[in-house]
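K.L.:
Please find one structure pasted underneath; my questions will follow.
Chains as they are written, first to last, in my numbering: chain V, 3 to 284; chain E, 45 to 348.
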């Protein structure tokens, strides 16, 4: 992906104003201490706004569960052959919260090795997924976005689109260490948008990415389908971040069950088996 | 207080010396380079810190404190010589501190200690180990000197030692690694990368070094000023123009066509940021910078 600043796209003035309302310590150049750039964000969200509001039909439930201020972790499932889910959650935190917030993901390490992608992700606050970065961002009271399935999650095939693969434990230790509430979320529909039939790992190695997803029409260009994001009520974990793995895994399981329940509800809503009023997000 | 400053003839060394004199200290300097007209109160001995005349300065002058700034980079010195100056020189001056009753020592090191790489954290804290010595061997002697100076804390506990990891300096003196990189009208950058650069005004850096001495700091401290700035902004605000090239093309061109001669490892520093967390230093000393990033870049730009 090429930085938005290199694409001659106009910046929507209203979106630029909304970007300036994101509560981060901007300097007078509109840059924060991490190098996040308002101008770059405004171009990004102008572009994302089209996909978020027009190309896809994105339905968001329970946005009020995301704290308006202060540290918090958005923890959810991967759905879709690449980071479409992350991009839509970033758009959702920007367009559906008031004041808008910047969800900061923990990116795969390979991203920083790729020209342009490294530049672009750095300017929009999507940093490498290192414990040091995560702790620092949370201590600065930011909104962190975590996919505990990691790259295994985006590699899910179409038939496994609503399943969850193994969760890492780092996010739980992080929440315990920083006292950040976990906002569980489900992303449903990514599998329909990008129905992966195979992942080409050897081709990926040539391009320096983990794999290249393939859909029935070849390239992993998403279909304009309905996507759902369901935010659950925040979970505040209590315990010692240095507890042994069996204790930590208990917390992980609790969060994982919450996310699985949200996925099921989203799926039922989609299939007409449940009404919006019957959602249990708390 | 009688303060010995090694590397005094450098741009930053002179600023430190001036401040020390202004604050009522007696200053003795050692440098292989001359300083022809030092201000009153500054005595300069032209000598190599690893040689006998330098030791004689310790023996006869009996300084109370040392500011060790006599380290060099790959930009000015080729490998063998550099290694001897950086590591041999640091060993010699700390041994002399111990032997001749110097009570405190400030080692002025560099934030490049932490190294730059795709998987390194954005803000580095003092406890982190050096991570990029294998990709940038030209840094290894500076890293070793930093760690060796830090070891004085347990080897010579009677000497209050502080190791300062100073970010890049920039300003009207136009000296140092970043200034050298920005020297020409066209600055080589790597296509598709725009790392943050962390810099502090030269005068603020000199103030911070003097403050470390006055507060009798012990330990290892990152020293920085304003928040970091993307390289593209530095290039623009200093009146340069960027010269972005794909990495594969830039490597063979280094040192030719007016581009700076850099070792291959240095390119990592043009791709990835080295940003430091200096909150421990600010807490310990109350240090505040007086030149923000804009004033610093403007001073650099307007000086030449």
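Idealized CB from N, CA, C, for every residue including glycine. None of the values given here were measured: they were computed from a predicted structure.
Using DSSP with H/G/I as helix, E/B as strand and the rest coil, what is residue 233 of chain E?
P.N.:
strand
K.L.:
Determine the extent of the beta strand (DSSP E) in which residue 36 of chain V is found, giving its start and end residues.
P.N.:
Looking at the DSSP string, residue 36 of chain V is not in any beta strand (DSSP E), and its letter there is neither H nor E.
K.L.:
List in chain order: all unbroken alpha helix (DSSP H) runs of 4+ residues lying wholly within the stretch 68 to 149 of chain E.
P.N.:
DSSP runs (the alpha helix (DSSP H)) wholly in the stretch 68 to 149 of chain E: 96 to 105, 123 to 127, 133 to 143.
K.L.:
Is there a Cβ from chain V that is less than 8 Å from the Cβ of residue 289 of chain E?
P.N.:
Chain V, which has no Cβ nearer than 8 Å to the Cβ of residue 289 of chain E, makes this no.
K.L.:
Using a Cβ-Cβ cutoff of 7 Å, what residues of the stretch 153 to 180 of chain E are near chain V? List them in chain order.
P.N.:
162, 163, 165, 166, 167
K.L.:
Assuming residue 207 of chain E and residue 193 of chain E make a contact with CB atoms under 8 Å, what is their CB distance in whole Å?
P.N.:
5 Å
K.L.:
How is residue 156 of chain V classed by DSSP in three states: helix, strand or coil?
P.N.:
helix
K.L.:
What residues in the stretch 120 to 133 of chain V bring their beta carbon closer than 8 Å to a beta carbon of chain E?
P.N.:
120, 121, 124, 125, 129, 130, 132
K.L.:
Per DSSP, residue 308 of chain E is paired with what?
P.N.:
According to DSSP, residue 308 of chain E bridges with nothing at all.
K.L.:
Taking C-alpha atoms, which residue in E:310, E:254, E:220, E:94 lies nearest to residue 184 of chain E?
P.N.:
E:310
K.L.:
State the beta-bridge partners of residue 150 of chain V as determined by DSSP.
P.N.:
Beta-bridge partners assigned by DSSP to residue 150 of chain V: none are found.
K.L.:
Taking C-beta to C-beta, are residue 61 of chain E and residue 76 of chain E nearer than 8 Å?
P.N.:
no
K.L.:
Under a three-way DSSP split, which group does residue 316 of chain E fall into?
P.N.:
coil
K.L.:
Taking beta-carbon pairs under 8 Å, can you tell me which members of the stretch 268 to 284 of chain E lie near chain V?
P.N.:
271, 272, 273, 274, 277
K.L.:
Using 10 angstroms around the beta-carbon of residue 23 of chain V, count the other beta-carbons present and answer buried if the total reaches 16, otherwise exposed.
P.N.:
exposed
K.L.:
What did DSSP end up calling residue 43 of chain V once you bin it into helix, strand or coil?
P.N.:
helix
K.L.:
Kindly say whether residue 237 of chain E, judged by its beta-carbon, lies nearer than 8 Å to any beta-carbon of chain V.
P.N.:
yes
K.L.:
Per the DSSP calculation, residue 376 of chain E is bridged to which residue(s)?
P.N.:
This structure cannot speak to residue 376 of chain E, because chain E is shown only from 45 to 348.
K.L.:
Are residue 106 of chain V and residue 129 of chain V closer than 8 Å when you measure CB to CB?
P.N.:
yes
K.L.:
Going along the chain, which unbroken runs of the alpha helix (DSSP H) with 4 or more residues stay wholly within the stretch 166 to 194 of chain V?
P.N.:
Runs of the alpha helix (DSSP H) inside the stretch 166 to 194 of chain V: 172 to 180.
K.L.:
Let me confirm a value: residue 157 of chain V is counted as buried when at least 16 other C-beta atoms fall within 10 Å, else exposed. Which label applies?
P.N.:
buried
K.L.:
What are the residues of the stretch 194 to 221 of chain V that lie near chain E, defined by any Cβ-Cβ distance shorter than 8 Å?
P.N.:
none
K.L.:
Run down chain E in chain order and give the residues with a C-beta less than 8 Å from the C-beta of residue 45 of chain V.
P.N.:
Within 8 Å Cβ-Cβ: nothing; residue 45 of chain V doesn't reach chain E, min ~15 Å.
K.L.:
Assign residue 197 of chain V to buried or exposed, taking buried as 16 or more other Cβ atoms, counted over all protein chains shown, within 10 Å of its Cβ.
P.N.:
buried
K.L.:
Examine chain V for any beta-carbon lying closer than 8 Å to the beta-carbon of residue 240 of chain E, and answer yes or no.
P.N.:
yes
K.L.:
Residue ranges of each alpha helix (DSSP H) run of no fewer than 4 residues wholly in the stretch 138 to 217 of chain E, ordered along the chain?
P.N.:
DSSP runs (the alpha helix (DSSP H)) wholly in the stretch 138 to 217 of chain E: 184 to 199.
K.L.:
So is residue 115 of chain V in contact with chain E if we call contact Cβ pairs under 8 Å?
P.N.:
yes
K.L.:
Please list the residues of the stretch 24 to 40 of chain V that have a C-beta atom closer than 9 Å to any C-beta atom in chain E, keeping them in chain order.
P.N.:
27, 29, 30, 31, 33, 34, 35, 36, 37, 39
K.L.:
Assuming residue 176 of chain V and residue 119 of chain V are in contact, meaning their beta carbons sit under 8 Å apart, how far apart are those beta carbons, in whole angstroms?
P.N.:
Not a contact, Cβ separation roughly 25 Å.
K.L.:
Output the boundary residues of the beta strand (DSSP E) element that contains residue 263 of chain E.
P.N.:
263 to 267
K.L.:
Would DSSP call residue 322 of chain E helix, strand or coil?
P.N.:
coil
K.L.:
Within 10 angstroms of the Cβ of residue 347 of chain E, are there 16 or more other Cβ atoms? Answer buried if so, exposed if not.
P.N.:
exposed
K.L.:
Distance, Cα to Cα, residue 115 of chain V vs residue 162 of chain E?
P.N.:
Roughly 6 Å separates the two Cα atoms.
K.L.:
Counting only the same chain and skipping the five closest in sequence on each side, list residues whose C-beta sits under 6 Å from that of residue 220 of chain E.
P.N.:
Sequence-distant partners of residue 220 of chain E (beyond 5 residues in either direction) whose C-beta falls short of 6 Å from its own C-beta, in its chain, are 213.
K.L.:
Which of helix, strand or coil does DSSP assign to residue 62 of chain E?
P.N.:
Under the three-state reduction of DSSP, residue 62 of chain E is assigned to helix.
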